[in-house]
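Residue numbers (the UniProt record's numbering): 1 to 76. From the three backbone atoms N, C-alpha and C, an ideal C-beta is built for every residue, glycine too. First up is the structure itself, then whatever we jot down about it.
Right, here's the structure in full:
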């Protein structure tokens, strides 16, 4: 390789490096957020002996749900 080819490769890698680091940081933030949510759900479910029967979720104005949040939480 000539020196000019080497310089182009280094510059190209530098551009990719910044983009890759940004993607990694974004992915780590998502993982951290998911972990915090799972811990909060775990704490909520630990309050009940049998969350399948005891867990109640207070609904707001939109009561028409197509799924059951209690079931979704207990399945996690």
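With a CB to CB cut of under 7 Å and the five nearest residues on each side skipped, what residues in its chain are close to residue i?
i, result
"residue 39", "none"
"residue 23", "none"
Could you spell out where the alpha helix (DSSP H) holding residue i opens and where it closes?
i, result
"residue 53", "51-54"
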